[in-house]
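For the sequence shown, our numbering begins at 38 and goes up steadily by one.
The block underneath contains the structure these notes are about, expressed in structure tokens.
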Amino acid sequence: MYQMGHYGGALLAYSPIGTIVALGGYGGVAIVGGLVCVMLSTLPDYDHRLPFISHRGPTHTIAFALLVGAGLAALAALLVDAASAFADAGVVGFAFLVGVVSISSHLLADALTPMGIRPFWPLSRRRYSFNVTTAGSPIANYGLFGLGVGAVLAGISLVFFLG
């Protein structure tokens, strides 16, 4: 998928989490989490710019998703200054979740294409693909973006009516 498709996939994957966080009274945190999720959603494709790293290689794995989640959690741990250890753990856990969801959404979007992904590399070289659309399809990319925006709007509506 291309950039817009990955943005949409990230919005679609994150919107239930953001909705729950906002319903819990942390609307600002939900918004920041969504922005970070979307910003990180194209990170795996930076492999195009790295020498000796093949596209849809190590950056398109579950291990990379966990690594990004751990990195974001570590950054949050450095930045958070909460009044209690419980609040610290919540912020750090949320940051980890945002990182993992962002990269995982990228993997799922790329799995829609015939090229697929190897999510368990280096443990397995097996490629997984739903073979639904090509990566460059404008209909698929903008359609996924539209679904993501729709999911966010549905979440905002829920927060507005229930919160």
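Virtual Cβ for every residue (Gly too), placed ideally from N, Cα, C.
Cα-Cα separation, residue i to residue j
i	j	result
G183	G45	7 angstroms
I176	V189	20 angstroms
G62	G55	11 angstroms
P88	P159	19 angstroms
R86	A126	35 angstroms
A114	S141	22 angstroms
F197	A148	34 angstroms
L116	V128	10 angstroms
S139	G153	17 angstroms
G173	L181	12 angstroms
T170	V105	27 angstroms
A191	G130	25 angstroms
S52	L80	19 angstroms
L112	V58	20 angstroms
Y179	G185	10 angstroms
Exposure of residue i, with buried meaning 16 or more beta-carbon neighbours within 10 Å
i	result
H143	buried
Y83	exposed
A67	buried
A50	buried
S194	exposed
Cβ pair residue i, residue j closer than 8 angstroms
i	j	result
R155	T96	no
G65	G108	no
A47	V69	no
S91	H43	no
F133	A110	yes
L199	L72	no
T150	M41	no
Selection from the options that minimises the alpha carbon distance to residue i
i	options	result
A146	L72, F167, F157, R86	F167
A100	V128, R86, S161, V186	S161
R93	T171, L181, G173, R164	R164
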